[in-house]
Amino acid sequence: MVTPQQSRVSKKDIESIYPLSPMQQGMLFHSLYNPESKTYLSQIQITLQGNLDINAFQQAWQKVVDRHSILRTCFAWKKTKQPLQVVRKNVTLPWFNQDWRSHSPAEQETKFQELLTSDREQYFELDKVPLIRCHLIQVEDQKYEFINTGHHILLDGWSTAILLKEVFEFYAGLINHRPINLPTPRPYQDYINWVQQQEQTQSERFWRQNLQGFTSPTPLVFDKWNLFNSVLTVKLIEKSYQYPIKTPYR
28 MVTPQQSRVS KKDIESIYPL SPMQQGMLFH SLYNPESKTY LSQIQITLQG NLDINAFQQA
88 WQKVVDRHSI LRTCFAWKKT KQPLQVVRKN VTLPWFNQDW RSHSPAEQET KFQELLTSDR
148 EQYFELDKVP LIRCHLIQVE DQKYEFINTG HHILLDGWST AILLKEVFEF YAGLINHRPI
208 NLPTPRPYQD YINWVQQQEQ TQSERFWRQN LQGFTSPTPL VFDKWNLFNS VLTVKLIEKS
268 YQYPIKTPYR
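In structure tokens, the structure reads:
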């Protein structure tokens with residue numbers, strides 16, 4: 028079991044510091060104003076069926092954390108003129124393994140719903156990293172339930188889809204002993220720099236014109252990807268997606 032990091036931050040472990048996006052500022056304000064609210068918590072549920080390599084799966088998630096600076100980010104607002112996001116160089120993803128195979132399916136379902144609820148009740152301290160955590164529960168010899176809980180201030184829905192795709196690409200590479208060379212990701216700081224250079228009035232006019240007539244949100248769509256012999260079910264909020272998974276290198 029790996030737990031959240033609560034130690035003091037060393038300057039040597041800081042990769043970068045930069046302002047928040049307007050959306051992040053709003054989320055930070057509302058999260059601090061009403062810390063009991065779960066509005067900005069996101070929870071992903073994945074059902075995995077097959078011969079899962081638990082260590083490789085955990086390593087794949089850690090590789091994604093190492094790869095993306097936003098997943099190593101916390102927030103500073105005390106004694107600063109404006110809120111800032113602080114990127115740490117090294118962050119260990121909190122990971123909790125459990126084995127429920129001795130419980131009946133009914134007991135497992137009860138325990139699982141209790142875990143979903145209790146994990147959402149566990150408040151994220153926004154000035155500490157990381158703002159995500161993972162639970163992996165084995166319910167049968169070849170069936171697992173996985174929960175990833177995080178703060179929405181880090182990721183939106185589209186980014187979550189990319190994150191999951193990379194996790195399973197890294198997993199496939201690890202179990203097949205093949206390197207996975209993904210393109211270097213653009214740091215989130217690049218987006219912040221771009222936002223600060225924009226003319227807000229012109230941007231608002233552009234989107235008002237292009238979104239004129241839209242009355243409902245566009246549903247989130249996940250692409251399918253084939254990675255290893257299993258069936259992957261992803262539940263994000265109230266939506267559910269299922270993918271057949273195949274091993275790519277055998």
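Going by our numbering, the first residue of the sequence shown is number 28, and it counts up by one from there. Glycine included, each C-beta is placed from N, C-alpha and C at the ideal position.
Cβ separation of residue i and residue j, assumed to be a contact under 8 Å, to the nearest whole Å
i: W88; j: V194; result: 6 Å
i: N159; j: L98; result: It is Ile, not Asn, that sits at residue 159 in the sequence shown. Their Cβ separation, rounded to whole angstroms, is 6 Å, which keeps I159 and L98 in contact under 8 Å.
i: V118; j: V92; result: 6 Å
i: D146; j: T107; result: Between T107 and D146 the Cβ distance is about 30 Å, and since that is not below 8 Å, they are no contact.
i: R94; j: P212; result: 6 Å
i: L209; j: E226; result: With a Cβ gap of about 34 Å, L209 and E226 do not count as contacting.
Close Cβ partners of residue i (< 7 Å) along its chain, the five nearest in sequence each way excluded
i: V166; result: W127, R128, Q135 and E172
i: I81; result: N124 and L163
i: Q109; result: P46
Residue of the options minimising C-alpha distance to residue i
i: Y218; options: L59, L191, A103 and S96; result: S96
i: K116; options: P49, D40, H57 and I207; result: D40
i: T144; options: F233, L238 and Q72; result: Q72
i: K90; options: A133, I174, G200 and H57; result: G200
i: W161; options: S131, F84 and N237; result: Checking the sequence, you will find Cys at residue 161 rather than Trp. That would be F84, whose Cα lies nearest to the Cα of C161.
i: I207; options: W104, Y60, Y198 and I174; result: Y198
i: K138; options: P210, I174 and Q216; result: I174
i: W104; options: Y60, Q239 and R205; result: Y60
Three-state secondary structure (DSSP) of residue i
i: D93; result: helix
i: V222; result: helix
i: I164; result: strand
i: W122; result: strand
i: P210; result: coil
i: K169; result: Reading off the sequence shown, one finds Gln at residue 169, where the question assumed Lys. Looking at Q169 - three-state DSSP - the assignment turns out to be coil, as it is neither helix nor strand.
i: L181; result: coil
i: P46; result: strand
i: N175; result: strand
i: W127; result: coil
i: L238; result: coil
i: R205; result: coil
i: H58; result: What sits at residue 58 in the sequence shown is Ser, not His. It is helical.
i: F233; result: helix
i: F102; result: strand
Cβ shell of residue i (< 8 Å), same chain only, five flanking positions each side left out
i: Q169; result: Q76, G77, N78 and L79
i: Q224; result: none
i: E62; result: The question names Glu, yet the displayed sequence has Pro at residue 62. Around P62: Y150.
i: H57; result: S64, T66 and Y67
i: L222; result: Rather than Leu, the amino acid found at residue 222 in this sequence is Val. Within the same chain, V222 has close Cβ partners S48 and P49.
i: L55; result: L47, F102, W104, P110, L153 and I180
Contacting residues, own chain, Cβ-Cβ under 6 Å from residue i (five flanking each side not counted)
i: C101; result: V113, D154, K155 and V156
The ligand MG heavy atom lying under 7 Å from the CB of residue i
i: W221; result: Absent from the structure shown: the ligand MG. Ligands present: none.
Inter-stretch contact (C-beta, 8 Å, three-pair minimum) for the segment 38 to 53 and the segment 124 to 136: No contact exists between the segment 38 to 53 and the segment 124 to 136.
Three or more C-beta pairs below 8 Å linking the segment 68 to 82 and the segment 142 to 151: Segment contact: the segment 68 to 82 against the segment 142 to 151, three or more CB-CB distances shorter than 8 Å; contact assigned.
Cβ pair count under 8 Å reaching 3, the segment 50 to 57 against the segment 179 to 186: yes
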